[in-house]
Amino acid sequence: MPNALTDTHIQLSGVLLQDAEVRTRPMGDDNTPMPVLCLVMQSDGSCTAPVRAEQVYPAALRGDADRAARSMKKGMRVTVWAPIAQLRTTLGMSSHIQVHGRATQANATPPKEAAHA
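So the working numbering is basically just the index in the sequence shown, starting at one, shifted up by 64.
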């Protein structure tokens, strides 16, 4: 049965804030180096924070990723589609991060007492 969250896509349009670039990211169990097309754009929506979009290419298609990046220059209008389940928020340049201890597990199994003979 399809999952509505994984089947739903988000579409964002906006203007590139910088030239697109290709980065390499290790992926999978074997850490295969994969080319990733990276865009940073100002979306047309009400959110003022820049949006970063990434498109992973198969390892053998690095040339295609490079060509795509060369065609996407600062100031160009673009539209991206992505699975909404992959939507992430990144707080760049955080000023402070505080640790509060370990998260509690909602369904933790209560400890069992030892049986004494």
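Even for Gly, the Cβ is constructed at its ideal location relative to N, Cα and C.
Keep in mind the model is a prediction, meaning the values are calculated, not measured.
Three or more Cβ pairs drawn from the stretch 119-136 and the stretch 75-93 lie within less than 8 Å of each other, which places the two stretches in contact.
Inclusion of Ser159 and Asp108 in the CB contact set at 7 Å is not warranted, their separation being larger than that value. Here Gln75 carries a strand assignment [DSSP, helix/strand/coil]. Thr154 is the residue among Thr154, Ile161, His164 whose C-alpha sits nearest the C-alpha of Pro114. Bounds of the alpha helix (DSSP H) holding Arg126 are 126-134. Thr96 and Ala167 have their C-alpha atoms some 32 Å from each other.
Around Glu85, the same chain offers Cys102, Ala133 as residues with beta carbons nearer than 7 Å, after the five sequence neighbours per side are excluded.
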